[in-house]
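Enquirer:
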Amino acid sequence: MEEKREIRESVNNPLKKLSFKNEVYKKIFLMGLALLFIAYLFLNSKSIFTGFGILLGIMTPFILGGVIAFIMKIPLNFFERKVFSKIKNKKIEKHKRTISIALSFIFIILVIFIIMAIIVPQLIKSFDGIRKSLPSFLQMAIDKTREIPYLSNYSDKLQSEYDNLSWNEIFNRIKDFVTSKEKSSNIINSAISTASSILGGLVSFMLALITSIYILADKERLGYQATRICYSFFNNRVAKKIIHVMHLLHENFFGFIRGQLTVATFIGIATFVSCFIIGVPNAATLGVIIGVTDLIPIIGPFLGGAMGFVMTVIENPTKGIAFIVLILILQQIESNLVYPKIVGNKVGLPSLWTLVAITVGGSLFGVVGMWVFIPLASTLYELMREYTEYKIKGKNLDIRIKKV
Numbered sequence: 001m002e003e004k005r006e007i008r009e010s011v012n013n014p015l016k017k018l019s020f021k022n023e024v025y026k027k028i029f030l031m032g033l034a035l036l037f038i039a040y041l042f043l044n045s046k047s048i049f050t051g052f053g054i055l056l057g058i059m060t061p062f063i064l065g066g067v068i069a070f071i072m073k074i075p076l077n078f079f080e081r082k083v084f085s086k087i088k089n090k091k092i093e094k095h096k097r098t099i100s101i102a103l104s105f106i107f108i109i110l111v112i113f114i115i116m117a118i119i120v121p122q123l124i125k126s127f128d129g130i131r132k133s134l135p136s137f138l139q140m141a142i143d144k145t146r147e148i149p150y151l152s153n154y155s156d157k158l159q160s161e162y163d164n165l166s167w168n169e170i171f172n173r174i175k176d177f178v179t180s181k182e183k184s185s186n187i188i189n190s191a192i193s194t195a196s197s198i199l200g201g202l203v204s205f206m207l208a209l210i211t212s213i214y215i216l217a218d219k220e221r222l223g224y225q226a227t228r229i230c231y232s233f234f235n236n237r238v239a240k241k242i243i244h245v246m247h248l249l250h251e252n253f254f255g256f257i258r259g260q261l262t263v264a265t266f267i268g269i270a271t272f273v274s275c276f277i278i279g280v281p282n283a284a285t286l287g288v289i290i291g292v293t294d295l296i297p298i299i300g301p302f303l304g305g306a307m308g309f310v311m312t313v314i315e316n317p318t319k320g321i322a323f324i325v326l327i328l329i330l331q332q333i334e335s336n337l338v339y340p341k342i343v344g345n346k347v348g349l350p351s352l353w354t355l356v357a358i359t360v361g362g363s364l365f366g367v368v369g370m371w372v373f374i375p376l377a378s379t380l381y382e383l384m385r386e387y388t389e390y391k392i393k394g395k396n397l398d399i400r401i402k403k404v
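Going by UniProt numbering, the letters in the sequence shown line up with residues 1 to 404, in that order.
(1) Terminal residues of the continuous alpha helix (DSSP H) containing Arg-221?
(2) Which two residues bound the contiguous alpha helix (DSSP H) that contains Phe-84?
(3) With 16 as the cutoff for other CB atoms within 10 Å, does Thr-285 come out buried or exposed?
(4) Start and end of the alpha helix (DSSP H) containing Asn-236?
(5) Once the 5 residues before and after residue 406 are set aside, which same chain residues still bring their CB inside 6 Å of it?
(6) Going by CA-CA distance only, name the one from Ile-289, Arg-258 and Ile-277 that's closest to Tyr-339.
(7) Are the region 67 to 83 and the region 213 to 228 touching by the rule of at least three beta carbon pairs closer than 8 Å?
(8) Have a look at Gly-268 and Cys-230 and give me their C-alpha separation to the nearest angstrom.
(9) State the DSSP-derived secondary structure class of Asn-336, mapped to helix, strand or coil.
(10) Which residues in the same chain as Met-307 place their Cβ atom closer than 6 Å to its Cβ, once the five residues preceding and following it in sequence are excluded?
(11) With a threshold of 16 other CB atoms inside 10 Å of the CB of Pro-317, please say whether the residue is buried or exposed.
(12) Just to confirm my understanding: we take Leu-326, look at its own chain, exclude 5 residues before and 5 after, and list those with CB closer than 8 Å. What are they?
(13) On the criterion of 16 or more Cβ atoms from any shown chain inside 10 Å, does Lys-181 qualify as buried, or is it exposed?
(14) Is Phe-105 near Ile-92, with beta carbons less than 8 Å apart?
(15) To the nearest angstrom, how far is the alpha carbon of Ile-54 from that of Ile-374?
(16) Starting from Val-343, trace the alpha helix (DSSP H) both ways and give me its first and last residue.
(17) Just mark Gly-200 as buried or exposed, buried being the case when its beta carbon has 16 or more other beta carbons within 10 Å.
(18) Quick one, which of Gly-362, Phe-365 and Ala-357 has its alpha-carbon nearest Tyr-381's?
(19) Sorted by chain position, which residues of the same chain lie with C-beta nearer than 6 Å to Thr-210's C-beta, five sequence neighbours on each side aside?
(20) Considering only their Cβ atoms, is the gap separating Leu-383 from Leu-248 smaller than 8 Å?
(21) Give a yes or no on contact between the region 295 to 313 and the region 235 to 252, applying the rule of three or more CB pairs nearer than 8 Å.
(22) Ordered along the chain, which non-local residues of its own chain (more than five positions away) have a Cβ less than 7 Å from that of Ile-118?
(23) Does Asp-294 come out as helix, strand or coil in the three-state DSSP assignment?
(24) What's the C-alpha gap between Ile-296 and Asp-398?
(25) Would you mind reading off the limits of the alpha helix (DSSP H) that contains Leu-303?
(26) Apply the 10 Å Cβ neighbour rule to Ser-378 and answer buried if 16 or more other Cβ atoms are within range, or exposed otherwise.
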């Protein structure tokens, strides 16, 4: 009604008519600019993506530094709030942040070192066992084909191929490939390229570590400065909304990472204790592998279970089957009891949308995408819930879930 009244008045009043036309022209002009901008992006997409890739490459160490700082905030908060809050010493109080940062990095380095010290020797042992056991496994598989009616016709052919197979010949061919003159130059060039890539990666990683230390040391000041910038560029209403969204993102990301680490630690310890009780060999190594791979959403438990099964079945086939049964039971406990209680409460995302977030994130960016898209989807879900509640209350509606 108000819009019709405004149009009627603009027809009767020449000044308002002119003002009305100016507003229309302004909207048309802005829409035209937007269309031109979209067309420009479409026509120059290749150069734009190239420039974006260069910019992303430059910013990667700083982005990685922010990620490291975000993860390191978990042990940092523990040392500051649980350890140093109980120590009444002015000198320690003055340098509490610096000591907490140092202890946090030492703690993470020790954890990584312990994990590597447990896993690497056992993996080497397992690979050596596979190399020694592979011929007997192949022979056993060929013998089994003779017992299966529709495969028995192929057993003699498989046996002939296996008898002609020379493991020494295979290793000699690998040796000839490495030492041949034609391939040696390519290998040298590849080694130089790999060495330069590793050096560049180390430099970027060191820069990321330094960035993370600066962020952790001044995280309150950085938050204060970001708030001031937000209020200086936007009006109070918009600034409050932006800060609210940033707060939700922080809470969801922090809660998800902390919950995921807690669940992985639980499943790793549970695997170790269970394997130790039922007598599965290498219980400590299996616990570490299951705990580490459990950090990967969806596929992690299957990957860890497959690795553990191969390691176990080489030493004891019966225990390998027992290990698989044990992992299936533990995964059911984790999926139905532990994960919803720990991660679900921290993230607040329904199972269906969690699956969608993992699928989309994994398809676009792999494992990192899975980690990022779950808290991101949780934030979008929470914002949509708040907006929906606001609109429904404005319409004085009472909409509830009906059980069918």
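Even for Gly, the Cβ is constructed at its ideal location relative to N, Cα and C. Note that this is a predicted model, so its numbers are computed, not measured.
Expert: Quick look at the numbers:
(1) As a first step, residue 221 must be located in the sequence shown, where it is residue number 221. Start and end: 219 to 233.
(2) On the sequence shown, residue 84 is found 84 positions in, with the first residue counted as 1. Counting along the chain, Phe-84 falls outside any alpha helix (DSSP H), and DSSP gives it neither H nor E.
(3) On the sequence shown, position 285 is the one that residue 285 refers to. By the C-beta density criterion, Thr-285 is buried, having at least 16 other C-beta atoms within 10 angstroms.
(4) Taking the first residue of the sequence shown as position 1, residue 236 is located at position 236. Its alpha helix (DSSP H) spans residues 236 to 278.
(5) In the structure as shown, the chain starts at 1 and stops at 404, and residue 406 therefore has no counterpart that could be examined.
(6) Position 339 of the sequence shown holds residue 339. For Tyr-339, the nearest C-alpha among the options comes from Arg-258.
(7) A contact between stretches requires three or more CB pairs, one per stretch, nearer than 8 Å, and the region 67 to 83 meets this requirement with the region 213 to 228.
(8) Mapped onto the sequence shown, residue 268 falls at position 268. Mapped onto the sequence shown, residue 230 falls at position 230. Their backbone Cα atoms lie some 43 Å apart in a straight line.
(9) Walking along the sequence shown from the start, residue 336 turns up at place 336. If DSSP states are grouped into helix, strand and coil, Asn-336 belongs with the helices.
(10) The residue given as residue 307 occupies position 307 in the sequence shown. Hits under 6 Å: Ile-289.
(11) If you number the sequence shown from 1, residue 317 lands on position 317. Burial call: exposed.
(12) Translated into the one-based positions of the sequence shown, residue 326 becomes position 326. Hits under 8 Å: Thr-271, Ser-274, Cys-275, Ile-278 and Val-280.
(13) The sequence position of residue 181 within the sequence shown is 181, counting from 1. Because the pLDDT at Lys-181 is just 48, under 50, the model does not fix this residue reliably, and the value given afterwards should be weighed accordingly. So Lys-181 ends up on the exposed side.
(14) If you number the sequence shown from 1, residue 105 lands on position 105. If you number the sequence shown from 1, residue 92 lands on position 92. Contact flag unset, no.
(15) Mapped onto the sequence shown, residue 54 falls at position 54. Mapped onto the sequence shown, residue 374 falls at position 374. Taking the CA atoms as reference points, Ile-54 sits about 27 Å from Ile-374.
(16) Translated into positions along the sequence shown, residue 343 becomes position 343. Careful: Val-343 lies outside any alpha helix (DSSP H) and carries neither H nor E.
(17) Taking the sequence shown and counting its residues from 1, one reaches residue 200 at position 200. With fewer than 16 Cβ atoms within 10 Å of its Cβ, Gly-200 is classed as exposed.
(18) Counting from one through the sequence shown, the residue named residue 381 turns up at place 381. Comparing Cα-Cα distances from Tyr-381 to each of Gly-362, Phe-365 and Ala-357, the minimum goes to Ala-357.
(19) Here residue 210 refers to the residue found at position 210 of the sequence shown. At residue 210 the sequence reads Ile, which differs from the Thr that was named. Counting only Cβ-Cβ distances below 6 Å, and skipping sequence neighbours, we find nothing.
(20) Residue 248 sits at position 248 when you count from the first residue of the sequence shown. Residue 383 sits at position 383 when you count from the first residue of the sequence shown. Yes, they are a contact pair.
(21) Fewer than three Cβ pairs drawn from the region 295 to 313 and the region 235 to 252 lie within less than 8 Å of each other, which leaves the two stretches out of contact.
(22) Sequence index remark: in the sequence shown, residue 118 carries index 118 (1-based). Scanning its chain for C-beta atoms nearer than 7 Å, with the 5 sequence neighbours on each side dropped, one finds around Ile-118 the residues Ala-284, Thr-285 and Val-288, in chain order.
(23) Translated into the one-based positions of the sequence shown, residue 294 becomes position 294. DSSP places Asp-294 in coil when its eight states are reduced to three.
(24) As a working note, residue 296 is residue 296 in the sequence shown. As a working note, residue 398 is residue 398 in the sequence shown. Rounded to whole angstroms, Ile-296 to Asp-398 spans 41 Å at the Cα level.
(25) Within the sequence shown, numbered from 1, the residue matching residue 303 stands at position 303. Run containing Leu-303: 299 to 315, per the alpha helix (DSSP H) assignment.
(26) The residue you call residue 378 lines up with position 378 of the sequence shown. So Ser-378 counts as buried.
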